[in-house]
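S.K.: Going by my numbering, the letters in the sequence shown line up with residues 8 to 220, in that order.
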Amino acid sequence: MHTRRIAGIGLLLYGLGTVLAFFFSGAPGGDYQDSAVSDYVASSGWLAAFGFAYLGAFAALGLLVFGRNLRPMLGSAGDLVWGLTVAGAATGVVGWFVDGGLDVAMAEGGRHVQTGVPLPVVYTITEIGNLLAVCSPAFFVGVAACVMAARAPLPRWLRVFSVVAGVCGVLAPLFVTYLVFVLWTLVCGATLATSRGTVIEAAGAQPAHVQPA
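#1: How about F31 and A55: are their beta carbons less than 9 angstroms apart?
#2: Identify which residue in V167, Y21 and A43 has its Cα closest to the Cα of T192.
#3: Might you give, ordered along the chain, the residues of its own chain that have their beta carbon closer than 6 angstroms to the beta carbon of G211, omitting 5 neighbours on each side?
#4: When every heavy atom of the ligand COA is checked, does at least one fall within less than 8 angstroms of the C-beta of A145?
#5: Closest to E134 by CA distance: which of A67, A151 and G33 is it?
#6: Is there contact between the segment 134 to 153 and the segment 174 to 189, where contact requires at least three CB pairs shorter than 8 angstroms?
#7: Is the distance from the Cβ of T161 to the Cβ of S169 below 9 angstroms?
#8: Please determine, among W164, V141, C195 and A156, the residue with the shortest C-alpha to C-alpha distance to T184.
#9: Tell me the rounded alpha-carbon separation between V174 and G117.
#10: Does the separation of the CB atoms of L199 and G15 fall below 9 angstroms?
#11: L62 and V101 - do their beta-carbons sit closer together than 9 angstroms?
#12: Alpha carbon to alpha carbon, how far is T10 from G85?
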């Protein structure tokens with residue numbers, strides 16, 4: 008026996024935590040700016056950058072909660088969605104440790120690392136880290152959202168939104184589409200978390216037979 012509500016909470020934790028970590032960690036990405044890269048590797052920002060990276064890593068684990076509790080709702084497609092969410096969580100954690108690990112390298116490497124790594128190289132590393140931390144999980148979860156739209160017992164509006172958001176998640180490196188995907192994680196997560204139909208039995212499960220007294 009599993010619940011929609013737990014799946015929704017997992018998706019909400021992933022969506023909220025990832026957005027907060029992405030916007031407040033300061034890991035450079037998008038248009039290159041010397042000032043943004045310099046601020047990220049400055050010693051005054053090391054603790055905050057690594058703290059938000061840890062937040063993002065823990066948020067990525069929310070996908071495991073989401074996928075594990077969504078799995079029984081999807082019948083034969085449940086294993087596929089579970090695998091997609093595992094992949095999303097794994098790549099997300101790796102990406103956040105790439106972003107946060109760069110500042111750890113600066114802190115532990117001392118002056119030779121802090122002054123010897125060119126800013127464009129720092130930017131390249133954090134851009135790759137952002138793609139792993141943010142866009143890679145969105146890719147996997149975007150595919151899972153499309154599968155969920157086809158197989159899960161959802162309202163029609165949420166099915167349509169899930170397909171649109173799924174495509175946007177797959178195209179997350181375009182950034183603008185990522186905003187639609189994030190909105191879906193919050194809306195879908197909240198819808199599942201507040202659902203009245205809390206108990207979902209494993210697909211194909213047979214009702215238990217009660218022995219007469």
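Beta carbons: idealized from backbone N, C-alpha and C, even for Gly. This one's a predicted model, so the numbers in the text were calculated from it and none came from an experiment.
M.R.: On the basis of the supplied data:
#1: To locate residue 31, count along the sequence shown from 1; it is residue 24. To locate residue 55, count along the sequence shown from 1; it is residue 48. It is a contact, given that the beta carbons lie within the stated cut-off.
#2: As a working mapping, residue 192 is identified with position 185 in the sequence shown. Among V167, Y21 and A43, the Cα nearest to that of T192 belongs to Y21.
#3: Taking the sequence shown and counting its residues from 1, the one referred to as residue 211 is at position 204. A caution first: G211 carries a pLDDT of 40, below 50, which makes its placement in the model unreliable, though a value can still be read off. Counting only Cβ-Cβ distances below 6 angstroms, and skipping sequence neighbours, we find nothing.
#4: The ligand COA is absent from the structure shown, which contains no ligands of any kind.
#5: Within the sequence shown, numbered from 1, the residue matching residue 134 stands at position 127. Nearest of A67, A151 and G33 to E134, Cα basis: G33.
#6: yes
#7: The residue given as residue 161 occupies position 154 in the sequence shown. The residue given as residue 169 occupies position 162 in the sequence shown. The question names Thr, but residue 161 in the sequence shown is Leu. In this structure, S169 lies closer than 9 angstroms to L161 by Cβ.
#8: For the purposes of this step, residue 184 is taken as residue 177 along the sequence shown, with counting starting at 1. Nearest C-alpha to T184: V141.
#9: As a working note, residue 174 is residue 167 in the sequence shown. As a working note, residue 117 is residue 110 in the sequence shown. The alpha-carbon atoms of V174 and G117 are separated by roughly 43 angstroms.
#10: Within the sequence shown, residue 199 is the residue found at index 192, counting from 1. Within the sequence shown, residue 15 is the residue found at index 8, counting from 1. Yes, these two residues count as a Cβ contact at 9 angstroms.
#11: Translated into the one-based positions of the sequence shown, residue 101 becomes position 94. Translated into the one-based positions of the sequence shown, residue 62 becomes position 55. Going by C-beta atoms, V101 is not nearer than 9 angstroms to L62.
#12: For this step, residue 10 is matched to residue 3 along the sequence shown. For this step, residue 85 is matched to residue 78 along the sequence shown. Straight-line Cα distance between these residues: approximately 14 angstroms.
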